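> Okay, so the sequence shown: first residue is 1210 according to the working numbering, each after it adds one.
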Amino acid sequence: MIAVNGPAVVADDVSIEYRGGRGSESIRAVDGVSLTVRQGEILALLGESGSGKSTFAAAIAGQLGSHGEGDGALRRHIVGGELTVLGQKTRGLRGSSRKLERLSGRIGYLPQDGADRLSPDLTVGEAIAEPIYQRDRRFDRKEAGMIVARLVDAVHLPLGVMRLNTWELSSGQRQRVALARALVLEPQLLVADEPARGVDVLVRQSVLEALATLQRNRQFSAVVVSSDLREAGALADRVAVMADARLVGLGTFDEVLDNPVDPYVKTLAATAARGVKRRPAPTAPRRSTAPRRPVAAGTGPRTDRQENP
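1) Near residue 1431, which residues of its chain fall below 6 Å by C-beta distance, leaving aside the five closest residues on each side in sequence?
2) Pop quiz: residue 1450 and residue 1261 are said to be a contact at Cβ under 8 Å. What is the actual Cβ separation, rounded to whole angstroms?
3) Give the C-beta separation of residue 1283 and residue 1227 to the nearest angstrom, bearing in mind that I take them to be a contact with Cβ-Cβ under 8 Å.
4) Using 8 Å as the Cβ pair cut-off and three pairs as the minimum, do the region 1372-1384 and the region 1331-1344 touch?
5) By alpha-carbon positions, which one of 1285, 1307, 1316 ends up nearest to residue 1295?
6) On the CB-based measure, 16 or more other CB atoms within 10 Å of its CB, does residue 1470 come out buried or exposed?
7) Taking all protein chains shown into account, do 16 or more other C-beta atoms lie within 10 angstroms of the C-beta of residue 1411, making it buried, or fewer, making it exposed?
8) Hey, is the region 1388-1406 in contact with the region 1318-1331, meaning 3+ C-beta pairs nearer than 8 Å?
9) In angstroms, rounded to a whole number, what distance separates the CA positions of residue 1366 and residue 1288?
10) I believe residue 1213 touches residue 1428 by the beta-carbon criterion, under 8 Å. Please report the beta-carbon distance rounded to the nearest angstrom.
11) On the CB-based measure, 16 or more other CB atoms within 10 Å of its CB, does residue 1435 come out buried or exposed?
12) Count the other C-beta atoms from every protein chain shown that fall within 10 angstroms of the C-beta of residue 1446, then say buried if there are 16 or more, exposed otherwise.
13) In angstroms with no decimal places, state the Cα-to-Cα distance between residue 1388 and residue 1461.
14) Short check: CB of residue 1285 to CB of residue 1274, under 8 Å?
15) Give me the residue from 1307, 1326, 1383 with the minimum Cα distance to residue 1344.
16) Rounding to the nearest angstrom, what Cα-Cα distance links residue 1222 and residue 1454 in this structure?
17) Below 8 Å between beta carbons: does that hold for residue 1440 and residue 1420?
18) Alpha carbon to alpha carbon, what distance is there between residue 1354 and residue 1495?
19) Check each candidate in 1217, 1264, 1229, 1235 and name the one with the smallest Cα separation from residue 1245.
20) Considering Cα atoms alone, identify which of 1248, 1480, 1348, 1299 is closest to residue 1267.
21) Quick one: is residue 1385 buried, meaning 16 or more other Cβ sit within 10 Å of its Cβ, or exposed?
22) According to the neighbour-count rule (16 or more other Cβ atoms, all chains shown, within 10 Å of its Cβ), is residue 1482 buried or exposed?
23) With the cut-off set at 8 Å, would you say residue 1249 and residue 1312 are in Cβ contact?
24) Once DSSP output is grouped into helix, strand and coil, what is the label at residue 1529?
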């Protein structure tokens, strides 16, 4: 793994626009955002729908590309400032460049619809292991099975689910599988966009607890997008608040909410006054207690099934 000296993410006056076809106007989705994500910390990106938080997170993950389909598709571009991720300046990197490919292997990305993107034709073990074989088709099946088994255990699923197809799981179980898949390459940075979206309240808590435990044990940096103050407060070390494409608050929860100026931050402060659980102080990483025996069934690359694009 490539060592990183300095912050995991540095955004310096970053602006991002959506652009349509010829003659269409550009839309400014992120406007002059500057922030830093430190090594080993969780930063929550908090904001309402349309605030620009998901677009900014996608830029950090190297997942801008096009948004939408067909004639209505919009291209997203960094049009101002500089974004440095794990020591690599990303503005202007092409999707097929070797630099971007190497960088993407060090970043885990969990999109909003990560659970829905799991191929129903794959078993859980295959779905989690797929990024391994996309990188190296000759990767040892036994070792891949051990990696997958440890992750399945870490996201609080029984090892037996590895042999089930993804469509056989509940929405909460699929969300945890998507989280495991995002972490299977042991990334230095995780970008998770609404990681507990679309599941009920009790399951949301277990998904977030699994994410927090994995981060403590593996010490990766994380950017977690959320629209829920209570979830962000329980998970993150610091918070960046976005409203109308701009950064309107940055710091610890106390720093951001104690003296609010922006109207949206004032609304958050009023919510916090009713009680928000804060993330406990970090503890030393613990060794995984997952079994180390090989559980390779259902994890190898399939030659008789079409792979998920």
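From the three backbone atoms N, C-alpha and C, an ideal C-beta is built for every residue, glycine too.
Small disclaimer: the values here were computed from a predicted structure and weren't measured.
Based on what the coordinates show:
1) Exclusion of the five residues before and after residue 1431 leaves 1251, 1399, 1424 as the residues of its chain whose Cβ lies within less than 6 Å of its Cβ.
2) At roughly 11 Å, the Cβ-Cβ gap does not stay under 8 Å, so residue 1450 and residue 1261 are not in contact.
3) With 8 Å as the limit, residue 1283 and residue 1227 qualify as a contact, their Cβ atoms being about 4 Å apart.
4) Because the criterion of three Cβ pairs below 8 Å is met, the region 1372-1384 and the region 1331-1344 touch.
5) Residue nearest to residue 1295 within the set 1285, 1307, 1316 is 1316 (criterion: CA-CA distance).
6) Residue 1470 is exposed by the Cβ-count criterion.
7) Counting Cβ neighbours within 10 Å, residue 1411 comes out exposed, since fewer than 16 surround it.
8) They touch, by the three-pair rule.
9) If I take the Cα positions, the gap works out to 42 Å.
10) Contact doesn't hold; Cβ gap of about 12 Å is too wide.
11) Residue 1435 sits buried, since 16 or more C-beta atoms from the chains shown fall within 10 Å of its C-beta.
12) Looking at its Cβ environment, which holds 16 or more other Cβ atoms inside 10 Å, residue 1446 is buried.
13) When rounded, the distance between both Cα atoms is 25 Å.
14) Their beta carbons are under 8 Å apart, which means residue 1285 touches residue 1274 by this criterion.
15) Taking each of 1307, 1326, 1383 in turn and checking the Cα distance to residue 1344, the smallest one comes out for 1307.
16) Approximately 12 Å between the Cα atoms of the pair.
17) One thing to note: residue 1440 has its Cβ no nearer than 8 Å to the Cβ of residue 1420.
18) Confidence at residue 1495 is low in this model, with a pLDDT of 41, below 50, so the placement of that residue is unreliable and no value is reported for it.
19) Residue 1217 is the option with its Cα nearest to residue 1245.
20) It is 1299.
21) So residue 1385 counts as buried.
22) Flag for residue 1482 reads exposed.
23) Cβ atoms of residue 1249 and residue 1312: not closer than 8 Å.
24) Look at the range of the chain in this structure, 1210 to 1518, and you will see that residue 1529 is not part of it.
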